[in-house]
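S.K.:
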Amino acid sequence: MPHSPAAKKRVLARVRRIRGQCEALERQLDAGAECAPIMQQIAAMRGAINGLMSEMMETHIRETFGDAAASEKERTARADETASLIRSYLK
1 MPHSPAAKKR VLARVRRIRG QCEALERQLD AGAECAPIMQ QIAAMRGAIN GLMSEMMETH
61 IRETFGDAAA SEKERTARAD ETASLIRSYL K
């Protein structure tokens, strides 16, 4: 989670844009829109989600590894957690 007010505001703005895109997609589907505009909307949503995930991953990595870990065991645990997050994202 971004801890600075500016970073939090930026992430929430992204989430609100994504929500707006989802609502637009729902309206398109309700209206029986053609496939091409629907797929274009889905692609835009995917890009927005990827951007949000990228920003959150960067924040997490900086917070997790920005401070020196107290021990080798802690560094390994942090690295394992981050690798697991990245693997789940890439699935």
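Under UniProt numbering, read the sequence shown as residues 1 to 91, first letter to last. From the three backbone atoms N, C-alpha and C, an ideal C-beta is built for every residue, glycine too. Predicted, not measured: the structure shown is a model, and the values here were computed from it.
1. Can the beta-carbon of Met57 be found less than 9 Å from the beta-carbon of Ile18?
2. Considering His60, what are the terminal residues of the alpha helix (DSSP H) in which it resides?
3. Below 8 Å on the Cβ atoms is my guess for His60 versus Leu29; work out the distance and round it to an integer in Å.
4. Straight-line CA distance for Gly66 to Asp80?
5. Is the Cβ-Cβ distance between Arg10 and Glu55 less than 9 Å?
6. Let me confirm a value: Gln41 is counted as buried when at least 16 other C-beta atoms fall within 10 Å, else exposed. Which label applies?
7. In this structure, does DSSP put Gly32 in helix, strand or coil?
M.R.: This is what the structure gives:
1. no
2. Element bounds for His60: 35-66.
3. Their Cβ separation, rounded to whole angstroms, is 33 Å, which puts His60 and Leu29 out of contact at 8 Å.
4. 16 Å
5. Yes, the Cβ-Cβ distance between Arg10 and Glu55 is below 9 Å.
6. buried
7. coil
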